[in-house]
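Colleague: Pasting a structure here, questions to come.
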Amino acid sequence: PDPVSPDKTAGEQEKTVEIIKNGNVFTVKAEWLVPVLRTINFAEEDSVRYFQRVLMKSGVDDALSKAGVQEGDTVSIYGVEFDYID
765 PDPVSPDKTA GEQEKTVEII KNGNVFTVKA EWLVPVLRTI NFAEEDSVRY
815 FQRVLMKSGV DDALSKAGVQ EGDTVSIYGV EFDYID
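Residues 765 to 850, numbered by our numbering, are exactly what the sequence shown covers, in order.
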């Protein structure tokens with residue numbers, strides 16, 4: 765699979781995202797996400813919403829869409845798995 769890079773905004777460094785599709789599982793490879801994941805408490809609703817905003821603003825959500833993710837597919841990001849909801 766080819767890495768997919770999200771669009772950059774002014775002053776933002778490029779964040780490379782690679783999506784690997786295996787059946788209905790989409791694995792996200794993006795080293796810059798590792799420190800973000802360490803700060804997320806998935807038991808806290810506000811923390812989960814913050815993580816969702818990071819995925820949208822950084823282009824991960826768009827990269828998943830380009831890779832063909834559908835509602836109900838599994839997304840895996842460095843050991844964190846969840847069902848994709850559009």
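Idealized CB from N, CA, C, for every residue including glycine. All of these numbers come straight from a predicted model, not from anything done at the bench.
Less than 8 Å between C-beta atoms, sequence neighbours within five positions excluded: which residues of the same chain meet that for residue 837?
Modeller: Residue numbering aside, residue 837 sits at position 73 when the sequence shown is read from its first letter. The residues are 788, 789, 790, 847, 848.
Colleague: Could you tell me if residue 822 is buried or exposed, where buried requires 16 or more neighbouring beta carbons within 10 angstroms of its beta carbon?
Modeller: Residue 822 sits at position 58 when you count from the first residue of the sequence shown. Its Cβ being crowded by 16 or more others within 10 Å, residue 822 is buried.
Colleague: Which one or two residues does DSSP pair with residue 784 in a beta bridge?
Modeller: Here residue 784 refers to the residue found at position 20 of the sequence shown. Answer is 791.
Colleague: Can you give me the Cβ contacts of residue 774 inside the same chain, cut-off strictly under 6 Å, excluding the 5 residues immediately before and after it?
Modeller: As a position in the sequence shown, residue 774 is number 10, starting the count at 1. Caution applies to residue 774, whose pLDDT of 40 falls short of 50 and renders its modelled position unreliable; the value that the coordinates give is listed next. None.
Colleague: Rounded to the nearest angstrom, how far is the Cβ of residue 828 from that of residue 784, given a contact under 8 Å?
Modeller: Here the question's residue 828 lines up with position 64 in the sequence shown. Here the question's residue 784 lines up with position 20 in the sequence shown. That pair is no contact at about 11 Å.
Colleague: Where does residue 850 fall in DSSP's three states?
Modeller: Position 86 of the sequence shown, counted from the first residue, corresponds to residue 850. Coil.
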